[in-house]
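Written out below as structure tokens is the structure these notes cover.
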Amino acid sequence: MISAIVIVFGLWEWNIHRHSTQQSSSLRLYGDVDIREAQPAFNASGAITEIKVWEGSHVTKGDLLARLDDSRYLATLTQAKKLADSLKANLAKLVAGSRPEEIAQAKATMESLRAIADKNQLLYQRTQELVPQGAASTEDQDNALAQLNSSRASFEAAQQNYILAVKGPRAEDIAAARSAVDAAEAATALAQRQFDDTRLYAPADGVVEERILEPGDMAAPSTPVLTLALTDPLWVRAYIPENHLGQIHLGMEATLSSDSYPGHIYQGWIGYLSPMAEFTPKSVESPELRTALVYQARVYVCDAHGELRLGMPVTVDIALQQTATHPPSGCLPHANAP
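Each step along the sequence shown adds one to the number in numbering that gives the first Met the number 0, with nothing skipped, and position 237 is 236.
Quick look at the structure:
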């Protein structure tokens with residue numbers, strides 16, 4: 000009889016010890032899938048012409064969500080591009096300098112006017128000789144002089160044109176033309192940016208939670224168009240008791256479960272540990288921890304099928320005897336994860 004009692008007591012003590020060992024080999028936490036939202040808005044003002052998504056639509060970062068009436072922005076952009084093209088053509092002409100054909104033409108014009116001036120010079124000299132003889136009047140002499148001066152002026156102008164054609168444009172003229180092109184390109188870039196701002200793109204992966212505005216509404220930079228529930232990366236916010244903090248390290252693997260999907264196990268890992276202690280928030284479900292000093296933890300979750308919803312209560316189990324502390328393969332958050 001005594002032997003039986005001893006055996007029963009021994010089995011009971013062994014079971015208690017085994018249960019205690021199992022409990023100490025893992026840590027169970029209770030948390031919620033963190034609720035993160037974004038409310039994208041246009042960077043331009045105008046009437047909304049199209050919203051391409053509805054409540055419940057899954058979107059990927061960069062997807063087109065909505066458009067504004069872009070007619071006036073398009074007109075400004077077109078005008079800016081045409082002005083920039085014209086100024087670029089003028090700059091190219093200055094940089095290239097005069098063509099050989101232009102130089103040859105300028106030279107031919109100069110030589111032609113030189114010949115006319117020389118002819119008028121001889122005519123004037125002849126008239127001067129005839130005036131004393133009475134063969135030409137003073138008026139004839141004055142007309143010959145005027146004709147000579149006019150032909151000389153034309154020749155000198157043609158000579159300057161030829162010299163400029165040979166030398167090419169001045170450096171300061173090219174610099175001024177280049178500055179004009181730079182200003183036109185800056186104006187074009189601004190017009191392009193303003194035109195692009197008539198499109199609204201998804202800032203991150205997520206699900207459309209609400210359409211705040213509708214086609215026909217006036218949008219402004221301060222007015223959100225949609226509310227997006229952000230789903231990537233997905234993490235659970237849980238709280239670690241102070242006496243277990245030393246057992247938890249970044250990169251430790253965890254398993255997660257939810258009452259909404261019994262039997263479904265999700266893989267995760269510890270991605271963040273708060274450097275500051277706090278008293279347990281009221282949202283924590285575990286009564287024994289509500290007055291305890293805890294540290295916030297962020298557990299990233301692999302949820303390939305999108306079963307976990309924002310705000311959903313989740314149970315987190317962490318094996319404390321882990322030899323490696325690194326995220327499970329295929330479960331890394333994107334580079335934009337905080």
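Think of the CB as a built atom: it goes at the ideal place given N, C-alpha and C, for glycine as much as any other residue.
Counting C-beta atoms within 10 angstroms of its own C-beta, residue 150 has 16 or more neighbours from the protein chains shown and is therefore classed as buried. Annotation for residue 316: no alpha helix (DSSP H) segment contains it, though the beta strand (DSSP E) segment containing it runs 312 to 318. The three-state reading of DSSP puts residue 134 in coil, since its state is none of H, G, I, E or B.
Taking a contact as a CB-CB distance under 8 Å, the pair residue 65 and residue 224 counts as one, their CB atoms being some 6 Å apart. Check the Cα spacing between residue 311 and each of 148, 34 and 134: the tightest is with 34. The residue among 61, 199 and 26 with its C-alpha nearest the C-alpha of residue 69 is 199. Taking residue 258 as reference, the option from 306, 211, 250 and 277 with the minimal CA-CA separation is 306. Within the DSSP secondary-structure output, residue 272 pairs in a beta bridge with 296. Listed as beta-bridge partners of residue 234 by DSSP are 299. In the DSSP assignment, residue 170 falls within the unbroken alpha helix (DSSP H) covering 170 to 195. About 6 Å separates the CB atoms of residue 319 and residue 26; that is less than 8 Å, so the two are in contact. Here the alpha carbon of residue 205 sits roughly 13 Å from the alpha carbon of residue 302. For the pair residue 79 and residue 185, the CB atoms are not nearer than the 7 Å cut-off. Contact between the stretch 43 to 52 and the stretch 216 to 233 is present, with at least three C-beta pairs closer than 8 Å. Of the residues assessed, residue 109 falls on the buried side of the cut-off, its CB having 16 or more other CB atoms within 10 angstroms. Residue 217 sits in a strand when the DSSP states are folded into three classes. DSSP places residue 25 inside the beta strand (DSSP E), whose first and last residues are 25 to 32. Residue 161 counts as buried, since at least 16 other C-beta atoms from the protein chains shown sit within 10 angstroms of its C-beta. A distance below 7 Å between beta-carbons, with the five flanking residues on each side excluded, links residue 63 to the following residues of its chain, in chain order: 51, 198 and 200.
The continuous stretches of alpha helix (DSSP H) do not include residue 198, which lies in the beta strand (DSSP E) extending over residues 198 to 200. Going by DSSP, residue 77 is part of the alpha helix (DSSP H) stretching over 70 to 95.
In the three-state scheme derived from DSSP, where H, G and I count as helix and E and B as strand, residue 63 is classed as strand. For residue 228, the enclosing beta strand (DSSP E) stretches over residues 225 to 229. Within the same chain, Cβ atoms closer than 7 Å to the Cβ of residue 239 are found at 28, 247, 293, 294 and 296, the five residues on either side in sequence being excluded.
265 is the residue among 272, 148, 265 and 250 whose C-alpha sits nearest the C-alpha of residue 304. The beta carbon of residue 59 is closer than 6 Å to those of 204 in its chain, skipping five residues each way along the sequence.
Residue 54 carries a coil assignment under DSSP once its states are collapsed to helix, strand and coil. Straight across, the Cα-Cα distance linking residue 277 with residue 236 is about 14 Å.
With a threshold of 16 other beta carbon atoms within 10 Å, residue 234 meets it and is buried. Put simply, the backbone Cα of residue 274 is about 34 Å away from that of residue 261. CA-to-CA, the gap between residue 102 and residue 94 works out to about 16 Å. Each residue's CA atom was taken as its position, placing residue 131 and residue 92 some 56 Å apart.
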